[in-house]
Amino acid sequence: MAKPEGPTIGVKLFVDKEKKVLFAESNKEFVDVLFSFLTVPLGTMVRLLDKQSQLGCLDQLYKSVEDLNLEYFQTNACKAMLLKLLNAASGHCCRLKINVDGSVPRVVYVCKDTRCSALSDNAFSSFPGTVCKCGKVMESIGQFPKYDGDTETAAATCSEDGVFVKGCLKFIVTDDLQVAPASTSLMMSVFEKFGVLDPAVLEQQVLQFSSEKITCLLKRLLTSK
Numbered sequence: 001m002a003k004p005e006g007p008t009i010g011v012k013l014f015v016d017k018e019k020k021v022l023f024a025e026s027n028k029e030f031v032d033v034l035f036s037f038l039t040v041p042l043g044t045m046v047r048l049l050d051k052q053s054q055l056g057c058l059d060q061l062y063k064s065v066e067d068l069n070l071e072y073f074q075t076n077a078c079k080a081m082l083l084k085l086l087n088a089a090s091g092h093c094c095r096l097k098i099n100v101d102g103s104v105p106r107v108v109y110v111c112k113d114t115r116c117s118a119l120s121d122n123a124f125s126s127f128p129g130t131v132c133k134c135g136k137v138m139e140s141i142g143q144f145p146k147y148d149g150d151t152e153t154a155a156a157t158c159s160e161d162g163v164f165v166k167g168c169l170k171f172i173v174t175d176d177l178q179v180a181p182a183s184t185s186l187m188m189s190v191f192e193k194f195g196v197l198d199p200a201v202l203e204q205q206v207l208q209f210s211s212e213k214i215t216c217l218l219k220r221l222l223t224s225k
């Protein structure tokens, strides 16, 4: 079997005799990726799943925007922002071990006309090709800050503690994607739920989640309960 390209995250699965996965044990890297699903815009989900998201009629709506000629949009940037929406949490998602939606640091575009920049209501954009109300195309002035704080200490702390969750905890992830810190009492309640009298009979497997597997998991999340 060919090795997956790119980074992977190891997750320990607990499997019963019928080969059913009862729950998983993971570190913060996997939980960060799971939680990042909540930041992904609807249009991005449709794009990631190649217009097979099964999110109502959104696949058809997305394709309509794809097929619509640029002449029908206010600017080229309008079509771009509909097809490849920016993640509001891109500064965090860029630091995920597996960045499923391809978030990149946000870039700021402003009008370079001094008559516009002098106004208190001077607009800015995160999309190239955005047209200012004066009619000129906005230009890049750099990236948004990568972290919520400006200090090196804050950045180092974020890096050590993870992206959305912190600490060196292990987490339990159930088959319906309930996530909680691992504990003996929680594991016992899961065993009781599935009628496991002897935990020793469970098989433990370590599955390496690649970007492709994470995307498949996202699709399953959208189409199952």
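Throughout the sequence shown, residue numbering follows full-length UniProt numbering, covering 1 to 225 in sequence.
The beta-carbon is built from N, C-alpha and C at its ideal position, and this holds for glycine as well.
Between ASP176, PHE35, THR75, which lies nearest to VAL131 when the distance is taken from Cα to Cα?
Looking from the CA of VAL131, the closest CA among ASP176, PHE35, THR75 belongs to THR75.
Which of the three DSSP states is assigned to VAL75 in this structure?
It is Thr, not Val, that sits at residue 75 in the sequence shown. Correct three-state label for THR75: coil.
In terms of residues, what are the limits of the alpha helix (DSSP H) holding LYS193?
184 to 193
Give the single residue among VAL100, ASP101, SER125 whose Cα lies nearest to the Cα of VAL107.
SER125
Starting from the C-beta of LEU83, find all residues in its chain whose C-beta is less than 8 Å away, skip the five residues before and the five after it, and write them out in chain order.
GLY43, ARG47, TYR62, VAL65, GLU66
Looking only at its own chain, which residues have a Cβ that is under 6 Å from the Cβ of SER159, when we skip the five neighbours before and after it?
Residue confidence is low: SER159 scores 46 on pLDDT, short of 50, so the model does not pin down where it sits. Its coordinate-derived value is still stated next. For SER159, where only same-chain residues beyond five positions count, there are no Cβ hits under 6 Å.
Can you give me the Cβ contacts of CYS57 inside the same chain, cut-off strictly under 8 Å, excluding the 5 residues immediately before and after it?
Closer than 8 Å at the Cβ level, and outside the excluded window around CYS57, lies no residue.
What's the C-alpha gap between CYS116 and LYS28?
45 Å
Can the beta-carbon of PHE35 be found less than 8 Å from the beta-carbon of PHE23?
No; because the gap between Cβ atoms is not below 8 Å, this pair is not in contact.
So, with DSSP's three-state summary, where would you put SER90?
helix
Compare the C-alpha of ILE9 against each of LYS17, VAL33, LYS20 and name the closest.
Nearest in C-alpha terms to ILE9, of all of LYS17, VAL33, LYS20, is VAL33.
Compute the distance between the beta-carbons of VAL179 and VAL31, then report whether it is under 8 Å.
yes
In three-state DSSP terms, what is LYS213?
In this structure, LYS213 counts as helix in the three-state DSSP scheme.
Quick one: residues in its chain with C-beta nearer than 6 Å to the C-beta of CYS78, no 5 flanking neighbours on either side, listed in chain order?
none
Name the one or two DSSP bridge partners that PRO181 has.
Bridge partners of PRO181: PHE171.
Mapping the DSSP letters down to three states, classify LEU34 as helix, strand or coil.
Correct three-state label for LEU34: helix.
Report the partner residues of LYS12 according to the DSSP bridge assignment.
LYS12 pairs with GLU25, VAL206.
Do you know whose CA, among PHE171, ASP175, TYR109, lies nearest SER26's CA?
PHE171
Grab me the residues of LEU86's own chain with a C-beta within less than 7 Å of its C-beta, minus the 5 sequence neighbours each way, in chain order.
ARG106, SER126
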